[in-house]
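Numbering (the working numbering), first residue to last: 405 to 673. Scroll down for the structure; my scribbles are underneath it.
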Amino acid sequence: MLSATALVWCASALAAGADLYRVQTVVTGQGEANRIIGFASCLEDVLIKVSGAQKLAGDRRLAAYKSNAKSFVKAFNYRDQFLGKPVRDEQGTRDRPYDLTVDFDEKKIDDVLKALGLKPWLSPRPRLAVFVEMENGPRKFVVTADGTPSDLQRDALFAAADRRGMAIVLPSAAALAKAGLEGAKLDTVSSSTLAPLATEHGGELALVGHLVWSDGELGWVTRWRMDWQGRTHVWDVRGVTFDEAFRRGVGGAAQVLSDNGDPAGRARR
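Next comes the structure, spelled out in structure tokens:
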């Protein structure tokens, strides 16, 4: 039973044929003004998701497309996050948060990518085994499939993976302990040590992240590392929320794997 427990991992449910042209954001109410803002945000996300090019985030070239994001939308729907809860004030549903799911026209998105010098990444995407260690003062923990201290971070990692069109697996605390990595500083553990653990549980390669809270930067200082095709890719993110750090981590891995360049503009053998 102990051995079986040690092999329990948590995996994202992204299927190989998942719709890369569908993305989601949160809006307030169902009014057109907020919907247009949501469409613009979703357009940037779908371009990154379909191409794997994290470098498109914040790209100034997207402004013209985002201003007319509605023209790229094929369908959309809302899900009330407060479904079943009564309206709390006289403003009705206007102030309620909704998940806005948007389906984009595939050809139109592909045409935008072509205009930007990119192309859809439609080949099978490797499943990442993600090892993330977090430090906030004396508090240190690894984000695991089953650890209570990492509940929020676990959900955020899966959300980041879905947003970037990637499938991930996370280790259980027992799996780390069995491998002798319980309490280890993962940023010092070699990829060769993590690779067998990743592949044993369905991951095709390891993505390692180390997040340290900085009071001075009011955010997380993060370093990501991944080995791919004989090269070690390392990229840093500073002063961001852990949600954004996870998006940069998984998105950076997608950028490498989709052959859209190194996230830090460099790689070492």
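From the three backbone atoms N, C-alpha and C, an ideal C-beta is built for every residue, glycine too.
In the structure shown, Pro600 adopts helical secondary structure according to DSSP, grouped into three states. A contact is defined here as three or more CB-CB pairs under 8 angstroms, and the segment 563-581 meets this definition with respect to the segment 604-615.
Within the segment 541-612, the complete beta strand (DSSP E) segments at least 3 residues long are 543-546, 572-575, listed from N- to C-terminus. Taking the C-beta atoms as reference points, Ile513 is found nearer than 8 angstroms to Leu451. Within the segment 419-480, the alpha helix (DSSP H) runs of at least 4 residues that lie entirely inside it are, in chain order, 436-455, 467-470.
Arg483 is classed as exposed because its beta carbon has fewer than 16 other beta carbons within 10 Å across all chains shown.
In this structure, the alpha-carbon of Leu522 lies about 44 angstroms from that of Pro542. When rounded, the separation of the alpha-carbon atoms in Val546 and Asp566 is 21 angstroms. Between Gly655 and Gln458, the beta carbon gap of about 3 angstroms places them in contact (Cβ cut-off 8 angstroms).
The Cβ-Cβ distance between Glu621 and Gly653 does not fall below 8 angstroms.
When secondary structure is reduced to three states using DSSP, Phe486 falls in the coil class, being assigned neither helix nor strand. Within the same chain, Glu608, Leu609, Leu661 come within 7 angstroms of Pro530 by CB-CB distance, once the 5 residues on both sides are set aside. For Ala533, the secondary structure class from DSSP, reduced to helix, strand or coil, is strand.
Residue ranges of uninterrupted alpha helix (DSSP H) with 4 or more members, entirely inside the segment 620-670 and ordered along the chain, are 646-661. Here Asp640 is exposed. Its C-beta has fewer than 16 other C-beta atoms within 10 Å. Contact annotation, Leu517 with Val454: C-beta distance approximately 7 angstroms; criterion of less than 8 angstroms satisfied.
In the DSSP assignment, Leu526 falls outside any alpha helix (DSSP H) and carries neither an H nor an E.
Taking all protein chains shown into account, Glu448 has 16 or more neighbouring C-beta atoms within 10 Å of its C-beta and is therefore buried.
Scanning its chain for C-beta atoms nearer than 7 angstroms, with the 5 sequence neighbours on each side dropped, one finds around Trp632 the residues Leu609, Val660, Leu661, in chain order. If you draw a 10 Å sphere on the C-beta of Gln485, you find fewer than 16 other C-beta atoms in it, and that means exposed.
Taking the Cα positions, Ala519 is about 43 angstroms away from Lys589. Take Val625, set aside five residues on each side of it, and the residues of its chain with a beta-carbon closer than 6 angstroms to its own are Val616, Ser618, Arg642, in chain order.
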